[in-house]
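> Dropping a structure here in structure tokens format, bear with me for questions.
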Amino acid sequence: MPNLANGFLCFGPASFVSVAFILSQFGQQGCTFIGLPQSEGQNTRFFDQTTAAYAGIYCWQGVAGQKWMYSNDEPEGLVFARQMALATTVMGAVAWLFYVFSSCIRYHAAIWFLMSLVLLATTVTQALQFQLFSNDLCIDDGCTFGKSSRLVISACVFWFISAIMTCAVVKEAKDKRNAQDN
């Protein structure tokens, strides 16, 4: 059996981090984050004189399925959602790279605990992207969850489970350190 630097226990959270990162990226890049209420010609200053069916963090989708980038005048809450998407991507990439190298580099228990906190912060920034639902359009007419928002919800769950599982790795790292010292 191979002698991995951090044991086999880190493969569980590593798998969850990988799945969370992939779900997060597909969810954030999709143009179907929010299902918009259907009415004639609404919010044409946001959606270039076309009725939109969905709005995403970076683009929107028309009723015929065509995808468009936003014009200069964007819906309220979009800038904050983009900032949270960027923070999630950066922290998620760091977590993923951390786990890629975890089979060859023995990390101290404090580093594992720090990674657990990073994963919790990633969960929070991922969830804060739902502030996009607090724009005037959704408050007035009501919006629905689109396909992308369902992916982001799944990513939040996977980020959180990864953080909890990483806490178990902290205990194993402490035990290994104590066994080496004795």
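Quick note: the sequence shown uses our numbering, first residue 2, plus one each step.
Backbone N, C-alpha and C define an ideal beta-carbon position, used for all residues, glycine too.
Keep in mind it's a predicted model, so treat the numbers as computed, not measured.
#1: Looking at Lys148: is its Cβ nearer than 8 Å to the Cβ of Gly66?
#2: Suppose you measure from the CA of Met70 to the CA of Arg83; what does that come to, to the nearest Å?
#3: With 16 other CB atoms within 10 Å as the buried threshold, where does Gly57 fall?
#4: Kindly indicate the opening and closing residues of the alpha helix (DSSP H) around Gly93.
#5: Is Trp113 near Phe22, with beta carbons less than 8 Å apart?
#6: How should Val80 be labelled, buried or exposed, when 16 other C-beta atoms within 10 angstroms of its C-beta is the threshold for buried?
#7: Return the first residue and the last residue of the alpha helix (DSSP H) that Ala122 is part of.
#8: What ranges does the alpha helix (DSSP H) occupy inside the region 127-171, keeping only unbroken runs of at least 4 residues that lie completely in it?
#9: If you follow the beta strand (DSSP E) that Gly63 is in, where does it begin and where does it stop?
#10: Under a Cβ-count criterion, where at least 16 other Cβ atoms within 10 Å of its own Cβ denotes burial, should Gly143 be classed as buried or exposed?
#11: Using CA coordinates, which residue listed in Ser150, Cys139, Leu115, Ala86 is at the minimum distance from Ala169?
#12: Within 10 angstroms of the Cβ of Thr145, are there 16 or more other Cβ atoms? Answer buried if so, exposed if not.
#13: Give the DSSP bridge partners of Ala56, in chain order.
#14: Leu129 to Asp141, Cα distance in whole Å?
Looking at the atomic coordinates:
#1: no
#2: 13 Å
#3: buried
#4: 79-101
#5: no
#6: By the neighbour-count criterion, in which 16 or more other beta carbons inside 10 Å mark a residue as buried, Val80 falls on the exposed side.
#7: Segment 110-128, the alpha helix (DSSP H) holding Ala122.
#8: 137-142
#9: Counting along the chain, Gly63 sits inside the beta strand (DSSP E) bounded by residues 60-63.
#10: exposed
#11: Leu115
#12: exposed
#13: Ile35, Trp61
#14: 20 Å
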